[in-house]
Amino acid sequence: MFEEQRPRLFGVAYRMLGSAVEAEDVVQDAFLRWHKADRVEVPAAWLTKVVTNLCLNRLASARVTRERYVGAWLPEPVLTAGGVLGPLETVEQRDLVSLGFLVVLERLSPPERAVFVLREAFGHPHREIAEILDVDEAHSRQLHSRARKHIAETRRRFAADQGQHRRIVDRFLAATLDGDMAGLERLLADDVVSWADGGGTTTAARRPIVGKTKVLRYLLGFHARPEATLVAAEVAEVNGQPAALVRFGDGLAAVFAPEIQDGLVVALRLVVSPAKLAYADTQAK
Numbered sequence: 001m002f003e004e005q006r007p008r009l010f011g012v013a014y015r016m017l018g019s020a021v022e023a024e025d026v027v028q029d030a031f032l033r034w035h036k037a038d039r040v041e042v043p044a045a046w047l048t049k050v051v052t053n054l055c056l057n058r059l060a061s062a063r064v065t066r067e068r069y070v071g072a073w074l075p076e077p078v079l080t081a082g083g084v085l086g087p088l089e090t091v092e093q094r095d096l097v098s099l100g101f102l103v104v105l106e107r108l109s110p111p112e113r114a115v116f117v118l119r120e121a122f123g124h125p126h127r128e129i130a131e132i133l134d135v136d137e138a139h140s141r142q143l144h145s146r147a148r149k150h151i152a153e154t155r156r157r158f159a160a161d162q163g164q165h166r167r168i169v170d171r172f173l174a175a176t177l178d179g180d181m182a183g184l185e186r187l188l189a190d191d192v193v194s195w196a197d198g199g200g201t202t203t204a205a206r207r208p209i210v211g212k213t214k215v216l217r218y219l220l221g222f223h224a225r226p227e228a229t230l231v232a233a234e235v236a237e238v239n240g241q242p243a244a245l246v247r248f249g250d251g252l253a254a255v256f257a258p259e260i261q262d263g264l265v266v267a268l269r270l271v272v273s274p275a276k277l278a279y280a281d282t283q284a285k
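73 is the number that UniProt numbering gives to position 73 of the sequence shown; each next residue is one higher, with no gaps.
Below, the structure written as structure tokens:
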């Protein structure tokens, strides 16, 4: 019975934490508690409550850690074509697991994030959410309302055409690897912003790079590196959206996740931290 629930529990934990490795740890911890528990009348509800509260405990300590994080913090990318995060059949489902959206969720308080994930991603009614969080139903609704307001204030909506998104990412990847300045200029929006997560262990810009000229110079720097001719690259579905996977030797070296609006790259998230890439690297092998 636990194995039947495992994919959903992992999906809840990942959306809460933005870390696949931590989500696996939480699910394993929930399994140990399940194994030791006496008779559970409603296993799915019991396990959801356990996982949610384990995530809330981790989020409380994670805020201190992330305040000391070197450079930009980005979620761990996950290859989602295999359904590891559950069905991503609609625009809304894909958007709710995108790297950009998970960054926005970081702005919420842990209880707001829990309510939002359980309500928006998994469709739990407020009555069930209130029981999971040990609050009354009115408070659950209030947390949900606050979460939606915070997200609306900070989140831009992006075009939903997956086919066009894939074609632009293909062109973006080819232009970056070829050092095609003209091609990149045509793809980048004037106000494009690039974030890079190296975790302090890999060379990466520690502050956002803003504007077409600066982002263009930054991307062309990859082509100029000696190892650029030795990399292999492909486009795959990452967190519900097309993204570029760059390999060096046997390992995953980078994930480029562009956000597209009106046919242009308006935001770029680059994950190069080996720790952040470990889960996706394992998936890809």
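All C-beta atoms, glycine included, are put in the ideal place defined by N, C-alpha and C.
Rounded Cβ spacing between residue i and residue j (contact assumed at less than 8 angstroms)
i             : j                : result
leucine 74    : threonine 80     : Contact flag wrong, Cβ pair sits at about 16 angstroms.
leucine 59    : arginine 113     : 7 angstroms
tryptophan 34 : phenylalanine 10 : Wrong, their Cβ atoms sit about 14 angstroms apart, outside the cutoff.
alanine 196   : alanine 72       : 6 angstroms
lysine 214    : aspartate 190    : Not confirmed; about 11 angstroms, so no contact.
arginine 269  : glycine 100      : 7 angstroms
glycine 263   : glutamine 164    : 7 angstroms
threonine 202 : valine 103       : The pair is not a contact, with the Cβ atoms about 19 angstroms apart (cut-off 8 angstroms).
valine 192    : valine 266       : 6 angstroms
alanine 13    : alanine 23       : 4 angstroms
DSSP beta-bridge partners of residue i
i                 : result
phenylalanine 248 : Val231 and Gly251
alanine 196       : Leu270
glutamate 259     : Ala267
glutamine 241     : Val238
Segment limits, alpha helix (DSSP H) that includes residue i
i            : result
glycine 100  : 99 to 105
methionine 1 : Careful: methionine 1 lies outside any alpha helix (DSSP H) and carries neither H nor E.
tyrosine 218 : 212 to 224
glycine 183  : 181 to 187
alanine 20   : 20 to 36
Proximity test, residue i beta-carbon vs the ligand GDP heavy atom, cut-off 8 angstroms
i           : result
leucine 173 : What this structure holds is no ligand at all, so the ligand GDP is not there to describe.
Worksheet item: Given 8 angstroms as the limit, is there contact between the region 93 to 107 and the region 232 to 242, that is, 3 or more CB pairs closer than that?
Response: The region 93 to 107 and the region 232 to 242 touch, with no fewer than 3 CB-CB distances between them shorter than 8 angstroms.
Worksheet item: Which parts of the region 100 to 170 are runs of the alpha helix (DSSP H), unbroken and 4 residues or longer, counting only runs that do not cross its ends?
Response: Counting only runs of 4 or more, we get 110 to 116, 126 to 133 and 137 to 154.
Discussion item. Check whether the region 40 to 50 and the region 172 to 179 are in contact - that is, three or more C-beta pairs closer than 8 angstroms.
Written reply: The region 40 to 50 is not in contact with the region 172 to 179.
Practice prompt. Decide if the region 10 to 20 is in contact with the region 46 to 58; the criterion is three or more beta carbon pairs, one per stretch, under 8 angstroms apart.
Written response: The count of Cβ pairs closer than 8 angstroms, one atom from the region 10 to 20 and one from the region 46 to 58, reaches three, so the stretches are in contact.
Worksheet item: Does the region 251 to 262 come within contact of the region 162 to 174, defined as at least 3 CB pairs closer than 8 angstroms?
Response: Enough Cβ pairs lie closer than 8 angstroms, so yes.
Fill in: Every unbroken alpha helix (DSSP H) inside the region 59 to 104 [4 residues or more]
The region 59 to 104 contains these whole alpha helix (DSSP H) runs: 91 to 95.
Item to complete: Report yes or no: do three or more beta-carbon pairs, one from the region 125 to 133 and one from the region 103 to 110, lie closer than 8 angstroms?
Response: As far as the Cβ criterion goes, the region 125 to 133 does not touch the region 103 to 110, which means the pair count is below three.
Discussion item. Under 8 angstroms, with one C-beta from each stretch per pair, do the region 227 to 235 and the region 134 to 151 reach the 3-pair mark?
Written reply: Three or more Cβ pairs closer than 8 angstroms define a contact, and the region 227 to 235 falls short of that threshold against the region 134 to 151.
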